[in-house]
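A short write-up of the structure that comes next.
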Amino acid sequence: MTGLRRLVAILLFCIMILPFIAAGAEDAAQDVAAPAEEKTLIQEAIDEGVAEEDLPVDDEQAVSVADENDMGSPSIQGLSPLYRTKIKLMTATGNVASIRYAQDTDSQVLGQVGKGKEVTIYKVYPSFVLVEYEGTVGYVLRTCIDENCTVLDPSTTPPYGVMPMSYVATLTEDAYVYQAPRVSEEINPIILGKGNRIAIIEFVNGFAKIYYWRGYGYVDARLLTNMTVVAPTIDPMSSQTPIAAFSSYFAYNTGAEGNEGRCKNIVRSCELMTRVMQPGEQLDFNAQIGPYKKSNGYFPAPVLIDGGTQLGYGGGTCQSSSTLYNTIRQLPGISILYRRPHGPGSARYLPQHTDAAVGNVNLNLVFRNDYDFPIRILAESDGRGVLTIQIFKGDNA
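Going by my numbering, the first residue of the sequence shown is number 1477, and it counts up by one from there.
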């Protein structure tokens, strides 16, 4: 019966993502493939839903991604509640989510919470949230919660999923991204290219802490220069001080078909995203960063069409739009008018619930500058693993 339930769950999931697939196929017929290339593969999109046999199906992207400062037993002592939200499982057969002892899908299950039940969130991590439910405190996968969280104190807490940065710095040489703040630790596969700028959360034991895919990464601070503080308010110290910044990371020189084109498309989209926006001005990503054609400087790269991947112009620009989305979300004076994720599993190169797919009428990012001053968007990448976007107050280049 377990195999039958899994088959039913997979079929229902495929039905759920048909609108995304159909939209991509429509664009392909026009020879302008939608660049929503980050495949929400079934094994990546499975949540920790528990069916009748109470056997959890774990998210393989979310194993052992804890911050070292939070490796003890789960506790909310000294913490203030941040959000309230409901359990919203992705699989049709999922009935409950597991509350775990650690940020690891192999860790001890402390309790379970049913679909539709409300939990209180005390801390947000790239793959997990620290929650309390009826006296049980522990970690729940972000894939199991509704991203439409209620902020309990808007005066002190940003909307769910907002990831403010503290610094931006330049790499003086090619840099490893370690899984913990020490050079003896395991190294993540992407090497960050010399000269790129990276957005930094904070410094820990001589390492710059960054968001790296569904977890944290650490870069040796000795390899950084030209460090700039990200202004904590909309009143920066100078016109060269960003008021928001964000970085995402991607594989390059892999030898895989279309990888070089994907990197070139990220570079090209950075050129088109860089601009000044006047008060009241809107940016429509598909209209202004697209069209995703050879004539607009784009290259063939993997795109999602009919449930599989094939080469199409513009693959990779979803990572650009998602990085921009995470930058503008830090600024309450910028209004998000339209945004869609890649699907229930979100794009795996960012924390859950923080992506913004583009590529056709259903997948787009549209926002407006509602400040009473112009903003300048600076998007940068040389195609070697790093995409960084900064926003500045004013129109000074």
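No residue lacks a Cβ here, since even glycine has one placed at the ideal position from N, Cα and C.
Within the same chain, show all residues whose beta-carbon is closer than 7 Å to that of residue i, passing over the 5 residues directly before and after it, in chain order.
i: Leu1555; result: Tyr1598 and Lys1599
i: Ser1811; result: Phe1843, Arg1844 and Asp1846
i: Lys1515; result: The predicted model places Lys1515 with a pLDDT of 36, which falls under 50 and marks its position as unreliable, so this point remains unresolved.
i: Met1641; result: Ala1675, Ile1676, Ile1677, Val1706, Ala1721 and Phe1722
How long is the line joining the alpha carbons of residue i and residue j, rounded to whole angstroms?
i: Thr1612; j: Gly1587; result: 7 Å
i: Leu1748; j: Leu1759; result: 11 Å
i: Ile1677; j: Gly1809; result: 22 Å
i: Pro1557; j: Gly1590; result: 20 Å
i: Lys1593; j: Lys1562; result: 5 Å
i: Pro1767; j: Gln1584; result: 49 Å
i: Gly1570; j: Glu1608; result: 20 Å
i: Arg1805; j: Tyr1688; result: 18 Å
i: Asn1772; j: Gly1682; result: 43 Å
i: Ile1710; j: Lys1869; result: 7 Å
i: Leu1841; j: Ile1765; result: 10 Å
i: Ile1686; j: Gly1693; result: 5 Å
i: Tyr1801; j: Thr1632; result: 21 Å
i: Ser1715; j: Thr1803; result: 17 Å
i: Thr1596; j: Pro1550; result: 14 Å
i: Lys1564; j: Ile1575; result: 14 Å
i: Leu1700; j: Leu1826; result: 23 Å
i: Val1680; j: Tyr1577; result: 24 Å
i: Pro1712; j: Pro1635; result: 22 Å
i: Ser1603; j: Pro1718; result: 27 Å
i: Val1834; j: Ala1732; result: 23 Å
i: Asp1580; j: Thr1730; result: 29 Å
i: Thr1875; j: Glu1623; result: With the chain running from 1477 to 1873 in the structure shown, residue 1875 is simply not present.
i: Tyr1728; j: Tyr1654; result: 18 Å
i: Pro1778; j: Ile1666; result: 19 Å
i: Glu1649; j: Glu1610; result: 50 Å
i: Arg1744; j: Ile1552; result: 45 Å
i: Pro1630; j: Tyr1601; result: 19 Å
Please state if the CB of residue j and the CB of residue i are separated by a distance shorter than 8 Å.
i: Ser1857; j: Cys1746; result: yes
i: Val1706; j: Ala1697; result: no
i: Ala1675; j: Val1638; result: no
i: Tyr1615; j: Leu1606; result: yes
i: Gly1734; j: Gly1791; result: yes
i: Arg1824; j: Arg1738; result: no
i: Leu1668; j: Ala1684; result: no
i: Pro1708; j: Asp1848; result: no
Excluding five sequence neighbours on each side, which residues of the same chain lie with their C-beta closer than 8 Å to the C-beta of residue i?
i: Leu1863; result: Ser1723, Ser1724, Tyr1725, Phe1726, Ile1742, Cys1746, Gln1795, Ser1796, Thr1799, Ala1855, Glu1856 and Ser1857
i: Asn1672; result: Thr1646, Leu1647, Glu1856, Ser1857, Asp1858, Arg1860, Gly1861, Val1862 and Thr1864
i: Thr1626; result: Tyr1559, Arg1560 and Thr1561
i: Leu1813; result: Gln1758, Val1842, Phe1843 and Arg1844
i: Ile1663; result: Tyr1652, Val1653, Tyr1654 and Gln1655
Residues in the same chain with beta-carbon distance under 6 Å from residue i, minus the five sequence neighbours each way, listed in chain order, please.
i: Gln1828; result: Arg1618, Thr1619 and Ser1822
i: Ile1851; result: Met1753, Asn1845 and Ile1867
i: Arg1815; result: Ala1832 and Leu1841
i: Lys1740; result: Phe1775
i: Val1837; result: none
i: Arg1751; result: Ile1853
i: Leu1807; result: Ala1720
For the beta strand (DSSP E) holding residue i, just list the boundary residues, first then last.
i: Ala1763; result: First-last for Ala1763: Phe1761 to Gln1764, but that is the alpha helix (DSSP H), not the beta strand (DSSP E).
i: Thr1612; result: Thr1612 to Leu1617
i: Thr1709; result: No beta strand (DSSP E) contains Thr1709, which DSSP labels as neither H nor E.
i: Arg1824; result: No beta strand (DSSP E) holds Arg1824; DSSP gives it neither H nor E.
i: Lys1599; result: Glu1594 to Val1600
i: Lys1591; result: Element bounds for Lys1591: n/a, residue is neither H nor E.
i: Thr1561; result: Tyr1559 to Lys1562
i: Ile1621; result: Run containing Ile1621: none; DSSP gives neither H nor E here.
i: Leu1606; result: Phe1604 to Tyr1609
i: Asn1840; result: Where Asn1840 is concerned, there is no enclosing beta strand (DSSP E), given that its DSSP letter is neither H nor E.
i: Gln1866; result: Val1862 to Lys1869
i: Tyr1643; result: Tyr1643 to Leu1647
i: Leu1854; result: Ile1851 to Glu1856
i: Phe1722; result: Ala1720 to Tyr1725
i: Ser1631; result: Ser1631 -> no beta strand (DSSP E), and no H or E assigned at all.
i: Arg1576; result: Val1572 to Arg1576
Could you give the first and the last residue of the continuous alpha helix (DSSP H) run that contains residue i?
i: Arg1744; result: Asn1735 to Met1749
Could you confirm whether any beta carbon from chain B is found closer than 8 Å to the beta carbon of residue i?
i: His1818; result: The structure shown contains no chain B; it holds only a single protein chain.
Curious, which full-length alpha helix (DSSP H) runs of at least 4 residues does the region 1766 to 1809 contain? 1793 to 1804
So within the region 1659 to 1716, which uninterrupted beta strand (DSSP E) runs reach at least 3 residues, ignoring any that extend past its ends? 1673 to 1676, 1678 to 1680, 1683 to 1688, 1691 to 1696 and 1700 to 1705
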